[in-house]
Amino acid sequence: MSRLTKEITWYGRGGQGAFTASRILGAAAMLAGYQSLAFPSFGPERRGAPIRAFTKISDKSITDRSIPKKSDHILVLDDSLYDPALADGLKEGGSIFVNTAKEVPKPDGVMVITGDISRLAEEILGRPIVNIGIIGLLLGELPEIGIQNIFVSIREYMPSKTVDKNIRLLETILSQKK
Amino acid sequence: MSGKKFISGDEAFAQGVRLAKAQVISAYPITPQTIVVERLSEMVEEGELDSKFLHVESEHSALMAAMGAAATGARTFTATSSQGLLYMAECLTYVAGGRFPIVMMNANRATALPWSIYGDHRDSLSLLDHGWIQIYTENAQESLDMAIQAYAIAEQEEIRLPVMVNLDGFVLTHTYEAVDIPTQEQADAFLKPRETWDKLDFDKPVSMAYTVGPDLNEEYNLLHHKALLNVAKHIENIDVSFEKIFGRKYGGLINGYRTEDADLILITLGSISGLVRDVVDELREEGVKAGMIRIRFMRPFPAEELIRETAHASAVGVLEKDISFGFEGTVYSNVNSALSKSAHKISTYDFIGGIGGKNISKEDVRSCFAAMQKKESEEVRFIGLEVEDDI
Numbered sequence: 603m604s605r606l607t608k609e610i611t612w613y614g615r616g617g618q619g620a621f622t623a624s625r626i627l628g629a630a631a632m633l634a635g636y637q638s639l640a641f642p643s644f645g646p647e648r649r650g651a652p653i654r655a656f657t658k659i660s661d662k663s664i665t666d667r668s669i670p671k672k673s674d675h676i677l678v679l680d681d682s683l684y685d686p687a688l689a690d691g692l693k694e695g696g697s698i699f700v701n702t703a704k705e706v707p708k709p710d711g712v713m714v715i716t717g718d719i720s721r722l723a724e725e726i727l728g729r730p731i732v733n734i735g736i737i738g739l740l741l742g743e744l745p746e747i748g749i750q751n752i753f754v755s756i757r758e759y760m761p762s763k764t765v766d767k768n769i770r771l772l773e774t775i776l777s778q779k780k
Numbered sequence: 002m003s004g005k006k007f008i009s010g011d012e013a014f015a016q017g018v019r020l021a022k023a024q025v026i027s028a029y030p031i032t033p034q035t036i037v038v039e040r041l042s043e044m045v046e047e048g049e050l051d052s053k054f055l056h057v058e059s060e061h062s063a064l065m066a067a068m069g070a071a072a073t074g075a076r077t078f079t080a081t082s083s084q085g086l087l088y089m090a091e092c093l094t095y096v097a098g099g100r101f102p103i104v105m106m107n108a109n110r111a112t113a114l115p116w117s118i119y120g121d122h123r124d125s126l127s128l129l130d131h132g133w134i135q136i137y138t139e140n141a142q143e144s145l146d147m148a149i150q151a152y153a154i155a156e157q158e159e160i161r162l163p164v165m166v167n168l169d170g171f172v173l174t175h176t177y178e179a180v181d182i183p184t185q186e187q188a189d190a191f192l193k194p195r196e197t198w199d200k201l202d203f204d205k206p207v208s209m210a211y212t213v214g215p216d217l218n219e220e221y222n223l224l225h226h227k228a229l230l231n232v233a234k235h236i237e238n239i240d241v242s243f244e245k246i247f248g249r250k251y252g253g254l255i256n257g258y259r260t261e262d263a264d265l266i267l268i269t270l271g272s273i274s275g276l277v278r279d280v281v282d283e284l285r286e287e288g289v290k291a292g293m294i295r296i297r298f299m300r301p302f303p304a305e306e307l308i309r310e311t312a313h314a315s316a317v318g319v320l321e322k323d324i325s326f327g328f329e330g331t332v333y334s335n336v337n338s339a340l341s342k343s344a345h346k347i348s349t350y351d352f353i354g355g356i357g358g359k360n361i362s363k364e365d366v367r368s369c370f371a372a373m374q375k376k377e378s379e380e381v382r383f384i385g386l387e388v389e390d391d392i
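Top to bottom, those sequences are chains A and B. For the first sequence, the working numbering assigns the number 603 to the initial residue and increments by one for each residue that follows. For the second sequence, the working numbering assigns the number 2 to the initial residue and increments by one for each residue that follows.
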């Protein structure tokens, strides 16, 4: 197990599955032998309202349970929530991943990776639910976790009827990246 | 379900209650407790847990229903939080005075007003005098493990008292992490089915929940007090037998860290403890003799243990998510009273933080140690304020 400390912030809207995805990633990190925490921005929940979720991964025990002030990676499930100013919440050398079909304005000196996950999700899941698909963009920057661990955690922690389709979605995204 | 799983504190506690085979569960939902009873109701529905699940109309009824069930000799569980716990307050003394060994999970949450669903310890600490054993856990694993241990403590013949296990709202109840879920065989080896003479039984009738006049009422209170003190005597044995089966141990009423030669010690409860340990390590690197103590049990209060653990300290601070308005933090009052019996003079500090879910940062924790190191004034102080305390 290599040394690793990553703090990841997810931006989505209530109902888009950001918190579920933060847990899938956390569980996969556990399977890869790391310590991990996953938690939502605590508080009342409402469909459609902006929410955040967080995944912390480390080779050491994670004692700070608070919301990270700066993250290594930011994932944006809904491009209406994207703003170049999100880069203020990034650590040095951090990156942003956005689900969008559009060209988005990019902050200086920050890697912004975009992909039209919604279109693929419509095709494969029949719904524009991109929470798992966007992990496909992130894994290039987080190879330590391993796609097989993501698959195992999807099988274990997601409703059975969504498992195969989400795995197919991820495989499609990974094959298109190559 | 067993093995390593990625679950929340609420879910971990529900697994512990399942493994302890609670026979009657009664509860009324309240954020951030809800998930623990949701999971248990699913387990009962799916036949994973052979238990009677009672949907009640209030927290008051939840605890009274659990008391009625406990009176038949059943192992019972309930859970609540904040205003729900306060609504139960009347029943807390019934359950404790009647010596019903109920286990309750409390998701620590601020008390209204101002209305807030976020975490602090004001709900449970305000009820310290209601005669329950009070435990505070640090992570999801300890929460699951204490759900099981709590029944062993509660049902011990020399104790026979209810246990309130406190989990920090959201920070523990809603945070997902790796938890080792024991097997049913392990749980069964540790915890036998509840057996008691103190129950409604036509063949061996006993008096229960009775009136006692002025002649002997104080004596009953003395018995209750002694029973609570007995926890200190049994906790180590219970923990040792727990370790033999599950491979994890938690120690006794407190958990000291680098206290052997510590000059400055910060005392905390619950989920913030890990961050305080990190700061202790940083300060040690910088040459400061820092240490920390996590209080696991607020009742019985670990007075002797604290005196022993602070033997080399010149200053002890308490970092607590609580304020007893018009005086000081309740944890501090308890700690200060205990340390007044110490053989040497210790300066004591009270740091109030994390109220209503306010984040406690590493810098905040460092500021507590800095105040002790600089021998600043010992008046109660609120830390991490957004506005200046100039009122």
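The C-beta atom is built at its ideal place from N, Cα and C for all residues, glycine as well. Keep in mind that this is a model prediction, so the values were computed, not measured.
Query: Could you check whether the Cβ of residue 275 of chain B sits closer than 8 Å to any Cβ belonging to chain A?; Result: yes
Query: Give the single residue among B:359, B:360, B:294 whose Cα lies nearest to the Cα of residue 332 of chain B.; Result: B:294
Query: What in chain A is Cβ-close to residue 359 of chain B, meaning under 7 Å?; Result: In chain order: nothing, as chain A lies at least about 10 Å away.
Query: How should residue 711 of chain A be labelled, buried or exposed, when 16 other C-beta atoms within 10 angstroms of its C-beta is the threshold for buried?; Result: exposed
Query: Ignore the nearest five residues each way along the sequence and tell me which others in residue 284 of chain B's own chain have a CB closer than 7 Å to its CB.; Result: 291, 370
Query: Between the segment 188-200 of chain B and the segment 122-142 of chain B, do three or more beta carbon pairs fall short of 8 Å?; Result: no
Query: In the structure shown, what three-state DSSP assignment does residue 81 of chain B receive?; Result: strand
Query: Over the uninterrupted beta strand (DSSP E) stretch that includes residue 313 of chain B, give me the two end residues.; Result: From DSSP, residue 313 of chain B is part of no beta strand (DSSP E); its letter is neither H nor E.
Query: Please compile the residues from chain E whose C-beta is within a distance smaller than 7 Å of the C-beta of residue 121 of chain B.; Result: Among the protein chains of the structure shown, namely A and B, there is no chain E.
Query: Can you tell me whether residue 658 of chain A is buried or exposed, with buried defined as 16 or more other CB within 10 angstroms of its CB?; Result: buried
Query: What do you reckon, are the CB atoms on residue 81 of chain B and residue 27 of chain B nearer than 8 Å?; Result: no
Query: Quick one, are the C-beta atoms of residue 5 of chain B and residue 760 of chain A less than 8 Å apart?; Result: no
Query: Below 9 Å on C-beta distance, what does residue 638 of chain A contact in chain B?; Result: 7, 177, 178, 179
Query: Using the beta-carbon of each residue, which ones in chain A are nearer than 9 Å to residue 172 of chain B?; Result: 641, 644, 667, 668
Query: Ordered along the chain, which non-local residues of its own chain (more than five positions away) have a Cβ less than 7 Å from that of residue 1 of chain B?; Result: Residue 1 of chain B lies beyond the stretch modelled for chain B, which goes from 2 to 392, so this question has no answer here.
Query: Please go through the segment 146-233 of chain B and give each complete alpha helix (DSSP H) segment of 4 or more residues, from N-terminal end onward.; Result: 185-191
Query: In the segment 262-291 of chain B, which residues sit with their C-beta less than 9 Å from some C-beta in chain A, listed in chain order?; Result: 272, 273, 274, 275, 276, 277, 278, 279
Query: Please compile the residues from chain A whose C-beta is within a distance smaller than 8 Å of the C-beta of residue 363 of chain B.; Result: 666
Query: From the DSSP output, in three-state form, read off residue 674 of chain A for me.; Result: strand
Query: Do residue 618 of chain A and residue 680 of chain A have their CB atoms nearer than 8 Å?; Result: yes
Query: Closer than 7 Å between beta carbons: that is the criterion. Which residues of the segment 94-118 of chain B meet it against chain A?; Result: 118
Query: For the beta strand (DSSP E) holding residue 53 of chain B, just list the boundary residues, first then last.; Result: 53-56
Query: Let me confirm a value: residue 207 of chain B is counted as buried when at least 16 other C-beta atoms fall within 10 Å, else exposed. Which label applies?; Result: exposed
Query: Interface residues of chain B around residue 759 of chain A at Cβ under 8 Å?; Result: 7
Query: Given this structure, state the Cα-to-Cα distance separating residue 359 of chain B from residue 695 of chain A, to the nearest angstrom.; Result: 29 Å
Query: Check each candidate in B:194, B:288, B:340, B:281 and name the one with the smallest Cα separation from residue 367 of chain B.; Result: B:281
Query: Leaving out five residues on either side along the sequence, give the residues of the same chain with a beta carbon under 7 Å from the beta carbon of residue 611 of chain A.; Result: 654, 656, 670, 673, 676, 691
Query: What three-state label does DSSP hand residue 681 of chain A in the structure shown?; Result: helix
Query: Do you know how far the Cα of residue 71 of chain B is from the Cα of residue 729 of chain A?; Result: 49 Å
Query: Is the beta carbon of residue 166 of chain B sitting closer than 8 Å to the one on residue 155 of chain B?; Result: no
Query: Assign residue 348 of chain B to one of three DSSP states: helix, strand, or coil.; Result: strand
Query: Taking all protein chains shown into account, decide if residue 375 of chain B is buried (16 or more other Cβ within 10 angstroms of its Cβ) or exposed.; Result: exposed
Query: Between the segment 9-22 of chain B and the segment 168-175 of chain B, do at least 3 Cβ pairs fall closer than 8 Å?; Result: yes
Query: Could you tell me whether the Cβ atoms of residue 143 of chain B and residue 258 of chain B are closer together than 8 Å?; Result: no
Query: Beta-carbon separation of residue 340 of chain B and residue 317 of chain B under 8 Å?; Result: yes
Query: So, does the segment 134-142 of chain B touch the segment 299-311 of chain B, judging by three or more C-beta pairs under 8 Å?; Result: yes
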